[in-house]
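Worksheet: one structure, shown below.
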Amino acid sequence: MPSDLTTAQYLDGIHCLKRLWYKEKHPEKALSPSLYQQRLLDEHAAVKTLAYSYFPAGVPIETEAPDVAVRHTQIAMRRGESCLFNAAFRSNGTFVRCDILQKYGNGWRIIDIRASKKFKKEYLLNLALQKYILDTCHIPISATHLILLNDACVYPDLSNLFVGEDVTGAVNLLEQRVPDYLSTFNTIRKRDTEPSVLIGKSLCNRPDRCAFKAPCWAFVPKNSVFTIPKITDPEATALAENGIFRLSDLPADFSLTPAQRIYVDSVLENKPAIDGVAIRQVLATLQYPIHFLDFEADRPAIPRFDGFKVHEEFPFQYSCHVLHADGAVTHHEYLHTDTTDPRPLLLKSLLSHISDRGSIVVYNLSFERRILINLAASFPEYASALQSIIERLWDQLTVIRKHYEHPDFCGSKSLKSVLPVLVPSLSYKTLDIQEGGDAPAVWNLMLSANSETEKQEWHRRLRAYCKLDTLAMVEIYKVLQEESTYPA
């Protein structure tokens, strides 16, 4: 018999029935949460803890064990408590916990706390399930509220960090659908065979990559209709619905853009498509010394530094390789190692290592440009120097996207996809940090380390990751130089 259905499983079921089934039948096949995903969970917990401080009468139900939590909740309510944190309820094989359950008029109100300044439908779906279960437990619910982060809040004044929103009407409407959802989900969880569902890029990768994507997509070739560059979800889904996953099975009349056609032909012919003339022309615009620059940045839910808002971005690390005209390569870097604002020291280091001439190569120009623009706005005394850097930015990603296709890119032009193909001796797989989103998570782990040994280990991992980003651009540049002799 399946265990209680949880709120997380309920939301999984609404998103994808197969995800719900895998979580019930084969949880061992789930991809472990990334450092980035764990950071989001930790931030949510920190936001909840801070929000609780605004409810001084609140009594926490601290135990994780469902049976004990339900019993402690019942005892607290019989005792006459007016506000409970993490109140637990069970009904009809479903278990829920309410962030805050507070006396409100002649009944109670459920308050859900989110580490976000933006409203999402899943928040209402969550509240609708909670309200339904509490209704079946004969707990009178007068209202349902959301607590979100307030974009108008500016550090150090956190008195207005939270903003409340009454969502009672919307939740009451969604509650009507809960019984049907529960019936469907419990049927799915009892099945021995996985349900048949559509797969797709958005469905399986947003808001985060599904933990069960690997087993679910096992039958999909590494180059498929889903990896065609800029194919729309409706287009890919329509092909999949007709059993078309392989590029070799694409209908002859399926419309492809020129870039998509180059990709498909490259895969079908199993050879790269390189526009050597175009690459040679764009490389000729680079000027020595050529700087290869990469930032790592954080955007915490709770602002930390004067003048900062919720989820406002700031850099805490950079790496810069410099290729000189004689072929020599030097490396410079900065990693902030304490809880103060990183920007002043980072900026001082950056400007000492980037000369006033020479191109500045980045991979995905929009990110580095945004960081530099924000630094210039915050430190007007350095605006002129930063503007000079901005004007010299050169995007390596654009060159790859426009002029270099390879079957082993599998439709992705990310640095993590391109590097091992063009430079097999280098790979991110040997690093503890696997993606950019992990870097701020590791930085925060470093800042909160319990020992100097632990701090130094996180420090080492961050330096290795950021350094590889810029070394990768150097080596890719060399490959592009060699292959720019290819004819178009």
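For the sequence shown, this note's numbering assigns the number 14 to the initial residue and increments by one for each residue that follows.
Cβ atoms here follow ideal geometry from the backbone N, Cα and C, with glycine treated the same way.
Taking His158 and Gly182 to be in contact with their CB atoms under 8 Å, please state how far apart those CB atoms are, rounded to whole angstroms. The distance from the Cβ of His158 to that of Gly182 is about 12 Å, inconsistent with a contact at the 8 Å cut-off.
State yes or no: is the C-beta of Lys303 within less than 8 Å of the C-beta of Gln273? Note that residue 303 is Ile in the sequence shown, not Lys. Result no, Cβ atoms of Ile303 and Gln273 do not sit closer than 8 Å.
Under the three-state reduction of DSSP, which class applies to Cys223: helix, strand or coil? coil
Can you list, in chain order, the residues of its chain whose CB lies under 7 Å from that of Leu187, leaving out five sequence neighbours each side? Here the set comprises Leu137, Leu138 and Ala141.
Which of helix, strand or coil DSSP assigns to Trp230: coil
Measure the alpha-carbon distance for Val374 versus Gln115 and round it to whole angstroms. 55 Å
How about Asn377 and Asp408: are their beta carbons less than 8 Å apart? yes
DSSP three-state label for Asn463, please. coil
With a CB to CB cut of under 6 Å and the five nearest residues on each side skipped, what residues in its chain are close to Leu435? If we look at Leu435 and ignore the five residues flanking it on each side, its Cβ neighbours are Ile489 and Val492.
Can you have a look at Leu211 and say buried or exposed, based on whether 16 or more other CB atoms are within 10 angstroms of its CB? exposed
Would you say the segment 391-411 touches the segment 363-372, given that touching needs at least three Cβ pairs under 8 Å? yes
Inspect the beta-carbon positions of Val342 and His334 and report whether they are closer than 8 Å. yes
Buried or exposed (CB count within 10 angstroms, at least 16 for buried), Thr250: buried
Any chance you could list the alpha helix (DSSP H) runs of at least 4 consecutive residues sitting entirely within the segment 170-219, in chain order? Entirely contained in the segment 170-219, the alpha helix (DSSP H) runs reaching 4 residues are, in chain order, 181-188, 191-203 and 214-218.
Flag this pair as yes or no: are the beta carbons of Pro285 and His419 separated by less than 8 Å? yes
How would you label Arg144, buried or exposed, when you count the other beta carbons within 10 angstroms and need 16 or more for buried? Here residue 144 turns out to be Lys, not Arg, going by the sequence shown. It is buried - the Cβ of Lys144 has at least 16 other Cβ atoms within 10 Å.
Taking the DSSP output, what are the residues bridged to Ser332? Asp307 and Glu346
Kindly indicate which three-state DSSP category Arg259 falls into: helix, strand or coil? Arg259: strand per DSSP, three-state reduction.
Heavy atom of the ligand GTP less than 7 Å from the Cβ of Lys61, yes or no? Only the bare structure without any ligand can be found here, which leaves the ligand GTP out of the picture.
Between which two residues does the alpha helix (DSSP H) holding Lys116 run? Segment Thr107 to Tyr117 is the beta strand (DSSP E) holding Lys116; no alpha helix (DSSP H) there.
Mapping the DSSP letters down to three states, classify Ala100 as helix, strand or coil. Of the three classes helix, strand and coil, the one that applies to Ala100 here is strand, per DSSP.
Bridge partners for His158 per DSSP, in chain order? Ile124 and Asp179
Exposed or buried, what is Lys243 when buried is set at 16 or more other beta-carbons lying within 10 Å of its beta-carbon? exposed
Considering only the beta carbon of each residue, do Lys429 and Ile413 sit closer than 8 Å? no
Distance, Gly256 Cα to Ala501 Cα: Confidence at Ala501 is low in this model, with a pLDDT of 48, below 50, so the placement of that residue should be treated as unreliable; the coordinate-derived value is given next. C-alpha separation (whole angstroms): 35 Å.
Out of Lys31, Leu484 and Gln400, state which residue places its alpha-carbon closest to the alpha-carbon of Thr206. Here the closest residue by C-alpha is Lys31.
Restricting to Cα atoms, I'd like to know which of Ile367, Ser391, Arg383 and Ser379 is closest to Asp354. Ser391
May I have the straight-line CA-CA distance separating Leu296 from Leu336, to the nearest angstrom? 14 Å
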